[in-house]
Structure formats: C-alpha cells, structure tokens
C-alpha cells in the first residue's frame, strides 16, 4: 500500500538523487542559470510534497513534474555568481512557514532547519576568447587573398 500524503505533511529522513546544471559560458548569455532536478525519498513515505527552496536569502518555488520528482531554477548576473559552492536549502510547507515567520520577525533564518539541502558546485563562467573565431577566420581569408593578389601582380609585371 502506498501512502499518499496530503498538503502540509513533512518529509522525515529525506534523501535525494539529484542532477545539477550551471552556466559555464558567458559569451552567449548575460546571466548564469542554476538548475537542480531531483527525486525525493522520505523515510516516512511522504510523497508529492509542496516544497520551497532558499538560497542566499532568496526564496524560490520548487516545481513538481512527476511522482516525487522536482525541479528548481534561478538566475544571477554573472558578476553576482562567482565560482564556488552554493547551499540550497529545501523546506516543506511547515518548514517554509517557520522560515517566513523568522524572516518577518527579524530572527536568524539559519536557525530554521531545512528538510534537506543540496550543494551546487558552480565552476564560474568563461568569457571566451577576446576575438571570436569568425573574426580570426575572416582575417586569415583576407590575408590569403592579399598574398595571392600580390603574387599574381608580381608574375604579371
């Protein structure tokens, strides 16, 4: 028998199987994208919970796209997303309510225990070469044409 949990239930003994994606190339975008997809398993068999995430004081909704499968994403300007580890704290409804209450009261939100955390290792972004490969190829083609033109002119002279 499966136990289906209703809204407001909590996840006890959470474990996740997760995949993380972060932007590594800054040449084609103005912001770094962070994406976490995960499957959540709770020891108390809680399923299909409503979750929220918190990263560096920013609260984010978590989307559910299948049975116990979730996704959360956010963006930051490249300059505000240096390389390093980012701890993403996940809260069920009860925990998120306690987090919001602590923040409204001006209390330390770090004291509110998340249901689980996922660490995101961001390598930072590469801004690529200063000169694009298209420009280098065009320059080489122009140089080759000029060399051929000069050689032809010398032969005809």
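In this note's numbering, the protein residues as written are 1190 to 1346.
Don't be surprised by glycine CBs; every beta carbon is placed ideally from N, CA and C.
Per the coordinates, the alpha-carbon of residue 1198 lies some 12 Å from the alpha-carbon of residue 1285. Within the same chain, and ignoring the five residues on either side of residue 1258 in sequence, the residues whose Cβ sits closer than 7 Å to its Cβ are 1228. Contact fails between the segment 1326–1333 and the segment 1297–1317, because fewer than three Cβ pairs, one in each stretch, are under 8 Å apart. The segment 1205–1223 and the segment 1259–1271 touch, with no fewer than 3 CB-CB distances between them shorter than 8 Å. If you compare the alpha carbons of 1345, 1215, 1327 and 1308 with that of residue 1273, the shortest gap goes to 1308.
Residue 1338 and residue 1344 have their C-alpha atoms spaced approximately 10 Å apart.
Taking 8 Å as the cut-off, the Cβ atoms of residue 1224 and residue 1279 do not count as close. Here residue 1307 carries a strand assignment [DSSP, helix/strand/coil]. Note on the segment 1239–1303: whole alpha helix (DSSP H) runs with a minimum of 4 residues are 1282–1294, in chain order. DSSP places residue 1342 within a helical segment (H, G or I) once states are collapsed to three. Bounds of the beta strand (DSSP E) holding residue 1228 are 1220–1230. Between residue 1205 and residue 1311, the C-beta gap is not smaller than 8 Å, which leaves the two residues out of contact. By the neighbour-count definition (other C-beta atoms within 10 Å, threshold 16), residue 1281 is a buried residue.
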